[in-house]
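Visitor:
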Amino acid sequence: MEKRRGKTIAITSGKGGVGKSSIVTNMAYIFGTKDESTYIIDADLSLGNIDIFFGMVPKFNIKDLIEGKKDINEIIIEGPYGIKIIPATSGIVELSNLTEEQRNILMFSLQELTGYDFLLVDTPAGISSNVIYFNSISQEIIVVVTPDPASIADSYAVIKVLYNKTGRKDFNILLNMVKDEAEALNVYRKILAVSDQFLDVYLDFMGYIPMDANIRQATKRQKLWVEHFPDTQATKALLKICNKMVS
Ligand SMILES: Nc1ncnc2c1ncn2[C@@H]1O[C@H](COP(=O)(O)OP(=O)(O)OP(=O)(O)O)[C@@H](O)[C@H]1O
Ligand SMILES: [Mg+2]
227 MEKRRGKTIA ITSGKGGVGK SSIVTNMAYI FGTKDESTYI IDADLSLGNI DIFFGMVPKF
287 NIKDLIEGKK DINEIIIEGP YGIKIIPATS GIVELSNLTE EQRNILMFSL QELTGYDFLL
347 VDTPAGISSN VIYFNSISQE IIVVVTPDPA SIADSYAVIK VLYNKTGRKD FNILLNMVKD
407 EAEALNVYRK ILAVSDQFLD VYLDFMGYIP MDANIRQATK RQKLWVEHFP DTQATKALLK
467 ICNKMVS
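Residue 227 is where the sequence shown starts when you use the numbering used here, and the numbers rise one by one after that.
Following this line, the structure appears as structure tokens:
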């Protein structure tokens, strides 16, 4: 069998609504077009919405898996280009803090997945125990940040907590909803300045996605923006980021 990357990447943020799910779903689509086999796990176990971005309605979800009713292959749904989605469903409140046993079931199931290039983990925002857990099982962490001062402050907070609780030192910073590259770098430097002062971490500037009205348009219509607006600024920006990830 062809050798695949097998890379697990968590996409996380301090503040909510910064574009994590939007980035994960469109990134998976780009990987799909490049024949990079990709899974998405909707790790937002209480407010998950990955299926909505694809306009799909899953029959089963992570709850069925964790309760032992279904195995992982029975809950996976397939999106365009063979993207495989492990869905959550909005409102599984009792899963907002996974127990040790539930984590073990999930870990064991994820280990069954093989032959993929990327497993993208769409985490909830914030610093809950699930957020820490899903970041800790991922090989790489992408922190999505916007120029909103609350997002900048909360990004630092999430990096600090992950560093303190898991000892992680390497983080990729992806700027979203920026005006231009200058603004992206400016926000990145702000986070860098604080973390350099207080934490022993390395923050890599991964790139940026501009504020783009076509994204909101596409999201409203449950369409992926990279597919429906192939020439829009945001699509070009995300392509550039994905090209680096597969090079
Ligand atoms: N670069 C952008 N330009 C314009 N709108 C954007 C951009 N990125 C994301 N959005 C919009 O922002 C909204 C929030 O995006 P999304 O749901 O992906 O955020 P999230 O970080 O996953 O939120 P949550 O923390 O609630 O899970 C969506 O309506 C999306 O279309
Ligand atoms: Mg989300």
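Every residue, glycine too, gets a C-beta built ideally from N, C-alpha and C.
Would you please state the rounded distance, in angstroms, between the beta carbons of G305 and F280? I believe it to be under 8 Å.
Guide: Locating residue 305 in the sequence shown gives position 79, counting from the first residue. Locating residue 280 in the sequence shown gives position 54, counting from the first residue. At roughly 5 Å, the Cβ-Cβ gap stays under 8 Å, so G305 and F280 are in contact.
Visitor: How about V384 and G274: are their beta carbons less than 7 Å apart?
Guide: Working through the sequence shown from its first residue, we reach residue 384 at position 158. Working through the sequence shown from its first residue, we reach residue 274 at position 48. Against a cut-off of 7 Å, the Cβ pair of G274 and V384 comes out as no contact.
Visitor: State the Cα-Cα distance for the pair N356 and I298, rounded to the nearest angstrom.
Guide: For the purposes of this step, residue 356 is taken as the residue at position 130 of the sequence shown. For the purposes of this step, residue 298 is taken as the residue at position 72 of the sequence shown. Near 19 Å, if we compare the C-alpha coordinates of I298 and N356.
Visitor: Specify which residues have a beta carbon nearer than 5 Å to any heavy atom of ligand 2, listing them in chain order.
Guide: Ordered along the chain, the selected set is K246, S247.
Visitor: Assuming I417 is part of the alpha helix (DSSP H), what are its boundary residues?
Guide: The count along the sequence shown starts at 1 and reaches residue 417 at position 191. First-last of the alpha helix (DSSP H) with I417: 407-424.
Visitor: Among residues of its own chain, excluding the 5 on either side of M437, which ones have a beta-carbon nearer than 6 Å to its beta-carbon?
Guide: In the sequence shown, the residue the question calls residue 437 occupies position 211. Once the five neighbours on either side are set aside, the close Cβ partners of M437 are M403.
Visitor: For A410, which of Q423, K386, D422, S377 has the nearest alpha-carbon?
Guide: Reading the sequence shown from its first residue, position 184 is the one you call residue 410. The candidate whose alpha carbon is nearest that of A410 is S377.
Visitor: Given Q459, which residues of its chain have a CB within under 7 Å of its CB, disregarding the five upstream and five downstream residues?
Guide: Position 233 of the sequence shown, counted from the start, is the residue given in the question as residue 459. Here the set comprises P436, D438.
Visitor: Please classify F257 as buried or exposed, where buried requires at least 16 neighbouring CB atoms within 10 angstroms.
Guide: As a first step, residue 257 must be located in the sequence shown, where it is residue number 31. Counting Cβ neighbours within 10 Å, F257 comes out buried, since at least 16 surround it.
Visitor: Going along the chain, which residues of its own chain have a beta-carbon closer than 7 Å to the beta-carbon of D290, five neighbours each way excluded?
Guide: On the sequence shown, residue 290 is found 64 positions in, with the first residue counted as 1. Only K296, I301 meet the Cβ criterion.
Visitor: Looking at ligand 1, does it come within less than 6 Å of T461, judged from the CB to the closest heavy atom?
Guide: On the sequence shown, residue 461 is found 235 positions in, with the first residue counted as 1. No - ligand 1 has no heavy atom lying nearer than 6 Å to the Cβ of T461.
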